[in-house]
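See below for the structure under consideration.
In UniProt numbering, the protein residues as written are 1 to 165.
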């Protein structure tokens, strides 16, 4: 039996902020121009076949360009990349200005100093209310061998393991 519950978006956001997440930047090449967006709703989905998932707001101006590219990279950010995250979290401007990156096998930008890169082909996109649920098939991946802390987001603040960012 389904019952309708009226939940205010601000209250939902506040309660969900109690879940700590890592932050990624999803990048692609759109007609030779690098594009990207910050995302905290990233997760592994399947080992066989290797699939990942993330959710993106329908209002994103970068997502249609990433989607049209068909291939993208997920750049897992480290604690020192807070400024990079903030650049990719807003619309407009050249998000890649001053950033060091190189194209991956899919053509998608791989951000320097990211903890890991996961290159994917777009597998599927599903309806998720005011978001789209994206599934990517992993085609290549790499991770830094150096020990490093992830960039975390918790209760609407950037965090590090053991404290504030």
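Beta carbons: idealized from backbone N, C-alpha and C, even for Gly.
**Study point:** Best match in 110, 31, 124 for proximity to residue 144 [C-alpha to C-alpha]
**Key:** Among 110, 31, 124, the Cα nearest to that of residue 144 belongs to 110.
Check your understanding: Taking buried to mean at least 16 other C-beta atoms within 10 Å of its own C-beta, is residue 43 buried or exposed?
Key -> Counting Cβ neighbours within 10 Å, residue 43 comes out exposed, since fewer than 16 surround it.
Review point. Going by the CB atoms, is the gap between residue 135 and residue 125 shorter than 9 Å?
Key: Remark: C-beta atoms of residue 125 and residue 135 approach each other more closely than 9 Å.
Review point. What is the DSSP secondary structure of residue 144, counted as helix, strand or coil?
Key: DSSP places residue 144 in coil when its eight states are reduced to three.
Point to revise | Three-way DSSP call (helix, strand, coil) for residue 170 in this model | key: Residue 170 lies beyond the residue range present for the chain, which begins at 1 and ends at 165; the question has no answer from this structure.
**Study point:** Residues of its chain near residue 68, where Cβ-Cβ distance is below 7 Å and the 5 sequence neighbours each way are ignored
**Key:** Excluding positions up to five away in sequence, the list reads 30.
Review point. Hey, quick one: how far does the alpha helix (DSSP H) through residue 64 stretch, first residue to last?
Key: Its alpha helix (DSSP H) spans residues 63-69.
**Study point:** Segment contact, 8 Å Cβ cut-off, at least three pairs: the stretch 76-83 with the stretch 56-65
**Key:** No, the stretch 76-83 is not in contact with the stretch 56-65.
Practice item. Could you tell me whether the Cβ atoms of residue 71 and residue 151 are closer together than 9 Å? Key: Residue 151 is positioned such that its CB atom lies no closer than 9 Å to that of residue 71.
Review point. Relative to the C-alpha of residue 85, which residue among 146, 108, 141, 25 is closest?
Key: The residue with the shortest Cα to Cα distance from residue 85 is 25.
Review point. Do residue 141 and residue 116 have their C-beta atoms within less than 9 Å of each other?
Key: Yes; because the gap between Cβ atoms is below 9 Å, this pair is in contact.
**Study point:** DSSP-derived helix/strand/coil call for residue 156
**Key:** If DSSP states are grouped into helix, strand and coil, residue 156 belongs with coil.
Exercise for review: Please report how far the alpha carbon of residue 51 lies from the alpha carbon of residue 5, in whole angstroms.
Suggested key: Straight-line measurement puts the Cα of residue 5 at about 33 Å from the Cα of residue 51.
Exercise for review: Spatial neighbours of residue 95 within its chain, please: CB distance less than 7 Å, with the 5 preceding and 5 following residues excluded, ordered by chain position.
Suggested key: The beta carbon of residue 95 is closer than 7 Å to those of 36, 87, 88 in its chain, skipping five residues each way along the sequence.
**Study point:** Per-residue burial, residue 147 [other beta carbons within 10 Å of its own, 16 or more giving buried]
**Key:** With fewer than 16 other beta carbons inside 10 angstroms of its own, residue 147 counts as exposed.
Exercise for review: Determine, using beta carbons only, whether residue 93 and residue 101 come nearer to each other than 9 Å.
Suggested key: Between residue 93 and residue 101, the C-beta gap is not smaller than 9 Å, which leaves the two residues out of contact.
Check your understanding: For residue 47, which residues does DSSP report across the bridge?
Key -> Residue 47 is not bridged to any residue.
Exercise for review: For the beta strand (DSSP E) containing residue 27, list its first residue and its last residue.
Suggested key: Judged by DSSP secondary structure, residue 27 falls within the beta strand (DSSP E) whose first and last residues are 24-30.
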